[in-house]
Structure formats: structure tokens, C-alpha cells
Amino acid sequence: MQDSHSKPSRRGFFFGAAATGAAAAAIVAMPGATLTEAVQAEFKPAPANGGGYSLSDHVKRYYKTTRL
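Taking numbering that gives the first Met the number 0 as reference, the numbering of the sequence shown is continuous, increasing by one, and the terminal residue is 67.
Have a look at this one:
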């Protein structure tokens, strides 16, 4: 019986590592894009008296998927 799982090759590993490195370099080289701006725009400050839960669009979509 032949094993259907092939052993990963070094060539495949290095190809994946090179692709990841190239993608990281492309992201760093993008002009005007900073991580801190994106993070600050995404997060809202927590309310002082608790109640941090809000019914956002992604929560509504999740609730729709759980309906029977």
C-alpha cells in the first residue's frame, strides 16, 4: 500500500519562505501606509461604565448564520 502523504521538500519550503519575505518587503515599501494609523482607526475606546458590547455588522452577520 502506498502512502498518500508526501514528505515536504526543501524546495517547497524555501519557495514559501521567499514568497513570505517578498510579501513582507512589499508591505514595508508601501508609501504612506503605517500600522499605527490603521490600528487607531479600527479600535474604539472602551466605555467608562462597562457595556463594551455593541451589535456591529459582523456580529449581525454571525447571528444570521446561526439561525435555523
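Don't be surprised by glycine CBs; every beta carbon is placed ideally from N, CA and C.
Can you tell me whether G11 is helix, strand or coil according to DSSP?
Along the sequence shown, one-based indexing puts residue 11 at 12. Note: G11 maps to helix in three-state DSSP.
* Three-way DSSP call (helix, strand, coil) for A45 in this model -> Within the sequence shown, numbered from 1, the residue matching residue 45 stands at position 46. If DSSP states are grouped into helix, strand and coil, A45 belongs with coil.
Report the rounded CA-to-CA distance for L67 versus K59, giving the unit in angstroms. Here residue 67 refers to the residue found at position 68 of the sequence shown. Here residue 59 refers to the residue found at position 60 of the sequence shown. Rounded to whole angstroms, L67 to K59 spans 15 Å at the Cα level.
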